[in-house]
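Asks: The opening residue of the sequence shown carries number 1 in UniProt numbering; numbering runs sequentially from there. Glycine included, every Cβ here is placed at the ideal spot set by N, Cα and C. Attaching a single structure in structure tokens format; questions to follow.
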Amino acid sequence: MDQPQKWTETIEDKHSLFDLKLKEVWKYKDLVYMFVKRDFVSSFKQTILGPVWFFINPILTTIVYLIVFGRIAKLPTDGSPPLLFYLAGVTLWNYFSSALTGTSYTFAGNAGIFGKVYFPRLVTPISIVISNLMRFGVQMFLFVIVWGYYLSKGEIHPHWWWILITPFLIFLMAVFALGTGMIFSSLTTKYKDLNMILGFGVSLYMYATPVIYPASSLTGIFKKISYYNPLTGIFECFKYSWIGVGDFSPLMLGISTIIIFVIFMIGLVIFNKVEKTFMDTV
């Protein structure tokens with residue numbers, strides 16, 4: 001009598017919309033590593049300066065902000081060194097914007113792979129967030145060097161808990177980029193023009209976030225609205241802990257945390273729902 005065949009892997013269509021599939025993602029950790037390596041290497045492949053671009057980008061951007069917003073527009077920096085203030089904002093914003101833009105192309109950019117082989121689709125956006133985290137680490141190293149210079153001169157007064165809060169702030173940015181990116185990647189499978197809206201929207205969103213100005217410079221209704229921008233609490237907390245300036249309060253960071261996880265859960269639900277049928281519309 002034939003023995004019943006045992007399968008090592010079972011692919012099921014029915015699953016919870018809130019299921020993160022972390023165990024399944026962990027089984028494909030080697031694939032995550034391959035995607036991270038691919039994204040990181042391809043970013044400076046066939047370039048003259050290679051990884052040096054990770055330093056050049058924030059340096060040039062910071063110099064432009066220093067001239068335009070610091071010298072010409074004369075925006076306040078809460079008494080902190082303008083160079084360090086703008087570099088802090090640029091470093092954080094570069095990570096969030098690149099992670100968000102990358103995850104928003106999850107379905108459209110990987111349709112060829114998704115249509116040929118099965119693996120947890122969540123592997124792709126997670127690998128994008130991690131690969132951008134590596135770029136962020138390089139740029140953060142540059143920020144620490146400049147920060148150390150001003151610290152040695154006694155021009156800044158950081159708070160000791162920066163070493164504790166920074167990993168949490170980075171985690172919040174990663175979750176926010178992942179959640180928002182999953183929403184847009186799911187919607188763009190059906191509505192292609194959302195890609196153009198996203199690029200324009202990210203540019204506008206930067207000016208709604210205290211990247212080039214402190215939240216303390218806002219007044220009235222704009223200040224109240226800024227509290228509901230998830231990135232406001234993150235940016236202000238980062239500057240407050242590292243530089244010692246900013247209009248930071250635990251309430252602001254608490255609001256950011258709640259909004260970010262709500263957006264992440266919404267993105268997860270939409271992503272899990274669309275991944276089953278996206279090949280019919282992409």
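Quick one: give me the first and last residue of the alpha helix (DSSP H) that LYS37 is part of.
Replies: Taken as a continuous stretch (DSSP letters only), the alpha helix (DSSP H) holding LYS37 covers 29 to 42.
Asks: Give every residue of the same chain whose Cβ lies closer than 6 angstroms to the Cβ of GLY267, excluding the five residues on either side of it in the sequence, and list them in chain order.
Replies: Same-chain partners within the cutoff: GLY179, MET182 and ILE183.
Asks: Would you call the CB atoms of PRO120 and TYR28 closer than 8 angstroms?
Replies: The answer is yes: Cβ separation under 8 angstroms.
Asks: With DSSP collapsed to three states, give me the class of PHE238.
Replies: Helix, per DSSP.
Asks: From the DSSP output, in three-state form, read off ARG71 for me.
Replies: Three-state result, ARG71: helix.
Asks: In whole angstroms, give me the CA-to-CA distance for ILE56 and SER186.
Replies: In a straight line, the C-alpha of ILE56 is about 33 angstroms away from that of SER186.
Asks: Please state whether DSSP places ILE56 in a helix, a strand or coil.
Replies: Here ILE56 sits in helix by DSSP.
Asks: Let me know the beta strand (DSSP E) ranges lying completely inside the stretch 185 to 260, each 3 residues or longer, listed in chain order.
Replies: Runs found: none.
Asks: Give the range of the alpha helix (DSSP H) segment to which PRO82 is assigned.
Replies: PRO82 -> alpha helix (DSSP H) spans 82 to 103.
Asks: Please report the straight-line C-alpha distance between MET34 and ASN132, rounded to a whole angstrom.
Replies: Whole-angstrom Cα-Cα distance: 14 angstroms.
Asks: Can you tell which of ASP39, THR101, LEU92 and VAL129 has the C-alpha that lies nearest to the C-alpha of PRO58?
Replies: Among ASP39, THR101, LEU92 and VAL129, the Cα nearest to that of PRO58 belongs to LEU92.
Asks: Here's the rule: buried if 16 or more other CB atoms are within 10 angstroms of the residue's CB, otherwise exposed. What is VAL90?
Replies: That one is buried.
Asks: Please report the distance separating the alpha-carbon of TRP161 from that of THR101.
Replies: Taking the straight line joining both Cα atoms gives about 31 angstroms.
Asks: Excluding the five sequence neighbours on either side, which residues of its own chain have a C-beta within less than 7 angstroms of the C-beta of PHE143, listed in chain order?
Replies: Here the set comprises LEU87, ALA88 and THR91.
Asks: Rounded to the nearest angstrom, what separates SER217 and ASP247 at their Cα positions?
Replies: Cα to Cα, the separation comes out at about 9 angstroms.
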